[in-house]
Amino acid sequence: MDESGLCASSEFLTERIRSGHLNLEELDLRRPAEASYDAVEEAVLGFLPPNDEDFEAASDRLTIETWPTDEDFPDWIDAFSDAMELLSELDGPPREDTGSEYPFEDIFLWIVEYSRRNVDGDFDRLSERAVRDLEEHLLERLVDIGAQALHLDYVSYVAERAPAVVAADRLSPEETRWYDRYVANFYDDRATEFFEEFPVLARLVTVVARQWGNVVSEFLSRVDDDYEAILSLLDTDDPGPVTRLRLGAGDPHDGGRTVIVVEFESGDEVVYKPRDVEADLRFYEFRAWLGREFDDVPAFEEPEFRYRDSYAWIERIESPAFSAMADVEAYYERAGSLLCVLYLLDVTDCHLENLIAADPGPVIVDAETTCHVNVPMSELPRKNLGERLQENEVRETVLNSALLPYELEFHDHNMAALDAIEEQSLDAPRREWFHVNTDAMDMEYSTPTAVPEENYPTIDGDPAGARQFVDELVEGFAATYDAISRSKPAVERKVEDLFEGVTVRNVLQETLQYRLLLDTVSSPKYLRDGLRYEYKIRTERIDRWEHRVGDRPDWVDEVIDLETAAMVERDIPRFTTVTDVDELRFRGETVEEGVFGTTGIEEVRAKVDSLSDADNRHHRGLIRACLGGSRLGEQPRGES
13 MDESGLCASS EFLTERIRSG HLNLEELDLR RPAEASYDAV EEAVLGFLPP
63 NDEDFEAASD RLTIETWPTD EDFPDWIDAF SDAMELLSEL DGPPREDTGS
113 EYPFEDIFLW IVEYSRRNVD GDFDRLSERA VRDLEEHLLE RLVDIGAQAL
163 HLDYVSYVAE RAPAVVAADR LSPEETRWYD RYVANFYDDR ATEFFEEFPV
213 LARLVTVVAR QWGNVVSEFL SRVDDDYEAI LSLLDTDDPG PVTRLRLGAG
263 DPHDGGRTVI VVEFESGDEV VYKPRDVEAD LRFYEFRAWL GREFDDVPAF
313 EEPEFRYRDS YAWIERIESP AFSAMADVEA YYERAGSLLC VLYLLDVTDC
363 HLENLIAADP GPVIVDAETT CHVNVPMSEL PRKNLGERLQ ENEVRETVLN
413 SALLPYELEF HDHNMAALDA IEEQSLDAPR REWFHVNTDA MDMEYSTPTA
463 VPEENYPTID GDPAGARQFV DELVEGFAAT YDAISRSKPA VERKVEDLFE
513 GVTVRNVLQE TLQYRLLLDT VSSPKYLRDG LRYEYKIRTE RIDRWEHRVG
563 DRPDWVDEVI DLETAAMVER DIPRFTTVTD VDELRFRGET VEEGVFGTTG
613 IEEVRAKVDS LSDADNRHHR GLIRACLGGS RLGEQPRGES
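Dropping the structure here:
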């Protein structure tokens, strides 16, 4: 295996510049008239082309074929070499398949086996099925990254040996003869050739495997350390072993960490969140205080937490099955009250998976965006007046929570948690594999649907959707709004008391945009060279900000750098702010001060001060418009 070539070809663009592996003085490439790049270093502008086509012509000048002989290889190559050594010792897949349909599972199981051997900890508290859940999560990530490249190689393998079969499309979904041969050949000697063609994939597979090992080791250690605390959240002192683990309920952040739902043999469940949850706790405390302080604000049942420094165990909320109409009506009055609290505290990103229907009212399970502060409109990418006005209507109203569906000329939102009864089409196409692990295995893009399971209450087994209870929603919103309006000083003091100094998430860009881009760079085209892989991510992020050259604020360049650095490691970027400090942060470090011109607490205080009867009527009208099927542009007046 050509380790030197793998390291050189997989080196990302920024690394290649900052390591000095490119001699910029010898490139003799002129800066484009309207260069899009201020992000990496000033020197980058000297050679980066402005578009994909020009990159093709310039890429040969930017490529190094071997690693410098006087430098050590990067750390990842040692782990990859160890994995390849394990592969050479195997005669085929290290175990039978999982029984699930993962494309090229027989190949990826080698990486799973390697990763499991490197877990620091034991699986004593986990059943075999729970361990398999962990492994399947790794399989899913490996498939996302590498299945397309393997499929291309598989078709090439068959075409080399039976071109007429491929040309005539005679590969059968009822047979596995060619697929089995390909897998055997991969374990025999084809793997080396494959990864030399796709060196970025070699690196990414290693990165994801290492992340998984770290995440699993950390999880196992925390289960052991906190076992008594976990038991205190359950209905039994003897729940038995962990029988199932559901991973991926949230996006991967900070080295592949994600939410895990832990199910025990007894049927009891807890939720593991590997992040700081102080914002969630403060949100629940504020809502509980409102319920105690004001007769018109309904009380809520909140989940119990066992809070640690950088993670938490959380009580699992069960969805209710109501039998009385009065209970459902009370549920939606509480939902209206929740809408008001979300509006007041500037909580956003409350999509399908962030709300659970509970008894007696809905529970937000992720309030990490509490006291969210927005970038000023003047700093945003250029948009026409209509777009800006509509975006401002979303930002400054209850629509910002994303709990309600709405239809605008420039943007629709159909993933609203309060309107999720039927299957809902997701916002973008996803890869769908069919005839998996047969000779005729293939892939196409389709628009998937999300099937809500816990977002709505039922009455006698039938869904009780929000559109049937708009009056109750409006009444609950208005009652909480009025109660807060009558006690503005007390509410402001409580906000400052609870939220001062709390770190919260800041959503600069929709998570969907990051997901789509990671899907794009999983194409074989981008796995052949680290230059192209990072180049695609960087140009897409720049285009997403949509500023003219020279108009983009300096801090945006730093954001693009950090977004790119996270995504080349297959993480979803996660930015934060502190509620009483005007600065943007990433992984605890300051990115830029003065980005927002205000703080989250100041924004909430200003909102409390501005509460009025007219604003209350306007919001009641918005709620009716969202759940009544009107276009918001046709609903200019508040409720009379």
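Per this note's numbering, the very first residue in the sequence shown carries number 13; after that it's consecutive. All C-beta atoms, glycine included, are put in the ideal place defined by N, C-alpha and C.
Item: Would you report the Cα separation of Ser100 and Arg153, rounded to the nearest angstrom?; Value: 23 Å
Item: According to the neighbour-count rule (16 or more other Cβ atoms, all chains shown, within 10 Å of its Cβ), is Tyr169 buried or exposed?; Value: buried
Item: Can you give me the start and stop residues for the alpha helix (DSSP H) that Thr576 sits inside?; Value: 566 to 579
Item: Using three-state DSSP, classify Arg182 as helix, strand or coil.; Value: coil
Item: Could you tell me which whole alpha helix (DSSP H) segments of length 4 or greater appear in the segment 85 to 109?; Value: 88 to 101
Item: For Ala369, which residues from the same chain have a beta carbon less than 7 Å from its beta carbon, with the 5 sequence-adjacent residues on both sides left out?; Value: Ser331, Pro332, Glu466, Asn467, Tyr468, Pro469
Item: Please report the distance separating the alpha-carbon of Glu615 from that of Gly609.; Value: 10 Å
Item: Going along the chain, which residues of its own chain have a beta-carbon closer than 6 Å to the beta-carbon of Val607, five neighbours each way excluded?; Value: Trp567, Leu596
Item: Helix, strand or coil: which one does DSSP assign to Arg540?; Value: coil
Item: How many angstroms separate the CA atom of Val283 from the CA atom of Ile272?; Value: 6 Å
Item: Could you pull out every residue in the same chain whose Cβ sits closer than 7 Å to the Cβ of Arg556, ignoring the five residues on either side in sequence?; Value: Gln521, Gln525
Item: Is DSSP giving Val516 helix, strand or coil here?; Value: strand
Item: Could you give the C-beta distance for Glu552 and Leu529, rounded to a whole number, given that I count them as a contact under 8 Å?; Value: 5 Å
Item: According to DSSP, which residues form a beta bridge with Val283?; Value: Val273, Ile326
Item: Does His265 come out as helix, strand or coil in the three-state DSSP assignment?; Value: strand
Item: Apart from the five residues just before and just after Val406, which ones in its own chain have a Cβ nearer than 7 Å to its Cβ?; Value: Asn412
Item: Per DSSP, Tyr457 is paired with what?; Value: Arg443
Item: Looking at the strands, I want to know which residues DSSP matches up with Leu596.; Value: Glu604
Item: Phe511 and Leu351: beta carbons closer than 7 Å?; Value: no
Item: Out of curiosity, what's the CA-to-CA distance linking Pro253 and Glu140?; Value: 10 Å
Item: Do three or more CB pairs link the segment 304 to 313 to the segment 176 to 188 at distances below 8 Å?; Value: no
Item: Give every residue of the same chain whose Cβ lies closer than 6 Å to the Cβ of Gly262, excluding the five residues on either side of it in the sequence, and list them in chain order.; Value: Thr270, Val271
Item: By alpha-carbon positions, which one of Pro115, Ala578, Arg346 ends up nearest to Asp454?; Value: Pro115
Item: Determine the direct distance from the alpha carbon of Ala637 to that of Ala478, and round the result to whole angstroms.; Value: 13 Å
Item: In three-state terms, what does DSSP make of Val375?; Value: strand
Item: How big is the Cα-Cα spacing for Val309 and Asp371?; Value: 16 Å
Item: Just tell me which of Arg294, Val235, Pro286, Asp266 has its CA closest to the CA of Glu275.; Value: Val235
Item: I need the DSSP call for Pro44, collapsed to helix, strand or coil.; Value: In this prediction, Pro44 has a pLDDT of 35, which is less than 50 and means its spatial position is unreliable; what the coordinates show is noted afterwards. Pro44: coil per DSSP, three-state reduction.
Item: In angstroms, rounded to a whole number, what distance separates the CA positions of Arg287 and Asp451?; Value: 43 Å
Item: Would you kindly work out how many angstroms separate the C-alpha atoms of Thr75 and Cys362, rounded to a whole number?; Value: 44 Å
Item: Ordered along the chain, which non-local residues of its own chain (more than five positions away) have a Cβ less than 7 Å from that of Pro106?; Value: Leu121, Trp122, Glu125
Item: Could you give the first and the last residue of the continuous beta strand (DSSP E) run that contains Thr204?; Value: Looking at the DSSP string, Thr204 is not in any beta strand (DSSP E); the run it does join, the alpha helix (DSSP H), is 203 to 209.
Item: Can you tell which of Tyr344, Tyr191, Ala338 has the C-alpha that lies nearest to the C-alpha of His447?; Value: Tyr191
Item: Have a look at Tyr199 and Ile554 and give me their C-alpha separation to the nearest angstrom.; Value: 41 Å
Item: Rounded C-beta distance between Leu639 and Val482? I'm assuming under 8 Å.; Value: 5 Å
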